[in-house]
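Just below is one structure, and these are the notes that go with it.
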DNA sequence: CAAAATAAATGATCACTGCTCAAATAATGC
DNA sequence: GCATTATTTGAGCAGTGATCATTTATTTTG
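Below, the structure is given as structure tokens:
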């Protein structure tokens, strides 16, 4: 997936590279969708690990570190990252609970950091606000990687996203970062 | 595209439905990518028209109308809307200038409305800020349509996006809407 | 009007895809 | 050693994007 991207990904090629036949691959995963779900869950895990490591060596502005890690992983792993959002499940296919839990770990990291920055009386808003801020950063990241921002001469999209994020946090009562 | 969605879209099926052979379709468009580009440009035009009509009957908060129109079109045309972002061009294929101009019309509508809401001294920031706000709404819209918000029990994602948008506008000096 | 020149449309063919499942192969238990 | 269970296989099916020699239709010309 990392090498060829979602559009050129195929079960046959996977089988060839791992030294098995297509049949075995289908015996294990049942369907291509379930193979893709598994691959994308793994990408989420790598992403969460990437974010955790960045936080370990973060400066004072840990929110900035989060935004930079979101963009950083996407930019360093365009194909794998894009595959997460290119894969649309048919209505009858569902992601196993176990995998949804694993995928949620990344979100939890962000919820915790948002909570840490909010004042006590705004703590209850952290989960909802954090998810909204993820959407904010995600939107900027999508437009960065698909060339929309470049086409419209918008430079430094990551900084743009961070501006939006801190505006929202400060509005919610967070203390402004020392910048 | 509207009926079957990006993943099940095929040139052969198009040819069958319009009463021509695949060959003719390829004589006209040259490649599937160029057919997809054409379809998606048309979706942008329909989208812009949709937004214009909503603005005509808008209440006092025209920014809210924009956000509702962004979400509204996406929700009413999930397959066509999603196809815009699912179609990734190979590095050697480019969108013709003419089509990029047409696609830019939607952005221009939003830039104009953002400018109208900003004070005089902030006018020059309108193009950059407007594109950032589009990214904000886009991110919320993606997570709404792909089920991410539902999975995390986040209700009213459109209202959430509008909150972020107005926070940013007020931070930039816009007068708060009467809500 | 007919013949020549141009334009438009065709669809068999190629290499690929997801997926199936009877058959072959391998591993295990007794 | 033999029978039972567990794995693995890959040809085959219906579909895909793309090609291009051939056919069909239209227009121009003498």
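Residue numbers (this note's numbering), protein chains in the order written: chain A, 1 to 179; chain B, 1001 to 1179. Backbone N, C-alpha and C fix where the C-beta goes; we use that ideal spot for every residue, glycine too.
| Asked | Found |
| --- | --- |
| Would you mind working out which of 79/A, 120/A, 114/A sits nearest residue 131/A, comparing C-alpha positions? | 114/A |
| Check for me: the alpha helix (DSSP H) holding residue 44/A runs from which residue to which? | 32-56 |
| Considering Cα atoms alone, identify which of 164/A, 151/A, 88/A is closest to residue 1008/B. | 88/A |
| For the alpha helix (DSSP H) containing residue 1088/B, name the first residue and the last one. | Note, residue 1088/B: premise wrong, no alpha helix (DSSP H); not H, not E. |
| If you drop the 5 nearest sequence neighbours on each side, which residues of the same chain put their C-beta closer than 7 Å to that of residue 103/A? | 41, 44 |
| Would you tell me roughly how many angstroms separate the C-alpha atoms of residue 1122/B and residue 1056/B, rounded to the nearest one? | 25 Å |
| To the nearest angstrom, how far is it from the Cα of residue 37/A to the Cα of residue 1175/B? | 46 Å |
| Against chain B, with Cβ distances strictly below 8 Å, would residue 154/A count as a contact? | yes |
| Within its chain, find whatever has a CB closer than 6 Å to the CB of residue 1177/B; leave out the 5 residues flanking it on each side and keep chain order. | 1061 |
| Going along chain B in order, which residues have a C-beta closer than 7 Å to the C-beta of residue 21/A? | Ordered by position in chain B, no residue passes the 7 Å Cβ test against residue 21/A, which lies about 25 Å from the chain. |
| Once you ignore the five residues that flank residue 158/A on each side, which residues in its own chain have a CB closer than 6 Å to its CB? | 71 |
| Listed from N- to C-terminal order along the chain, which residues in the stretch 107-127 of chain A have their beta-carbon within a distance smaller than 9 Å of any beta-carbon of chain B? | 107, 127 |
| Cβ of residue 1143/B less than 8 Å from any chain A Cβ? | yes |
| Compare the beta carbon distance of residue 1079/B and residue 1152/B with 8 Å and say whether it is the shorter of the two. | no |
| In this structure, how does DSSP classify residue 4/A when only helix, strand and coil are distinguished? | coil |
| Got a sec? Which residues, its chain only, sit under 8 Å from residue 63/A by beta carbon, not counting five neighbours each side? | 113, 114, 117, 162, 165, 166, 169, 177 |
| Which same chain residues, not among the five before or five after residue 106/A, have their C-beta less than 7 Å away from its C-beta? | 44, 47, 48, 51 |
| For residue 5/A, which residues of its own chain have a beta-carbon under 6 Å away from its beta-carbon, when the five flanking residues on both sides are left out? | 79 |
| Is DSSP giving residue 157/A helix, strand or coil here? | helix |
| Can you grab the Cα-Cα spacing for the pair residue 1150/B / residue 124/A, in whole Å? | 19 Å |
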